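A.B. asks:
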Amino acid sequence: MITVKVTYTVKPEFVAKNKENIQRFLADFQKMDDAAFWYHISLMDDGVTFSHFSAYRDEKIQQEVLNVASFKVFQQERDESGLNGSHAVKVLEFVGASSGKLTPGQPL
1 MITVKVTYTV KPEFVAKNKE NIQRFLADFQ KMDDAAFWYH ISLMDDGVTF
51 SHFSAYRDEK IQQEVLNVAS FKVFQQERDE SGLNGSHAVK VLEFVGASSG
101 KLTPGQPL
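What follows is the structure in structure tokens.
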């Protein structure tokens with residue numbers, strides 16, 4: 001299983017557009033096999049920093065998700081908005097979850 005955390009801070013004037021772009025790619029993600037991956041986005045209490053958490057069964061589904069057209073547009077517009085070096089990607093070691101859907105060594 002692959003788990004990833006991405007954080008970044010946008011300018012206040014870009015928050016609404018970023019949320020709109022997120023809803024667009026999430027709608028496309030919902031058309032995909034949700035047994036193969038999980039994706040969650042939160043906005044921190046500062047109102048401008050977003051955290052994305054994702055878990056993928058394997059690299060194949062990760063690449064399918066990351067290559068969804070609306071997700072690529074989201075990334076491009078986010079990056080062009082001016083992140084000021086705040087973009088950070090961390091690959092995490094999965095330890096456990098409250099849902100049996102995410103169990104190490106088993107498909108999502």
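Note that the UniProt record's numbering numbers the sequence shown so that position 60 is 60, with each residue one more than the last. Heads up, the beta-carbon is just placed ideally off N, CA and C, and yes, glycines get one too. Please read these numbers as outputs of a predicted model, since none were measured by experiment.
1) Going by the beta-carbon positions, is the gap between Val65 and Arg24 smaller than 9 Å?
2) Leaving out the 5 sequence neighbours to the left and right, which residues in its chain are closer than 6 Å to Leu43 when beta-carbon positions are compared?
3) At what residues does the alpha helix (DSSP H) containing Phe71 begin and finish?
4) To the nearest whole angstrom, what separates the beta carbons of Met32 and Phe94, a pair I think is in contact under 8 Å?
5) Check the C-beta distance from Glu77 over to Asn21 and give it rounded, since I have them as a contact under 8 Å.
C.D. replies: Working from what's here:
1) no
2) Phe50
3) Ala69 to Glu80
4) Actually they are not in contact, since the Cβ atoms of Met32 and Phe94 sit about 20 Å apart, beyond 8 Å.
5) 6 Å
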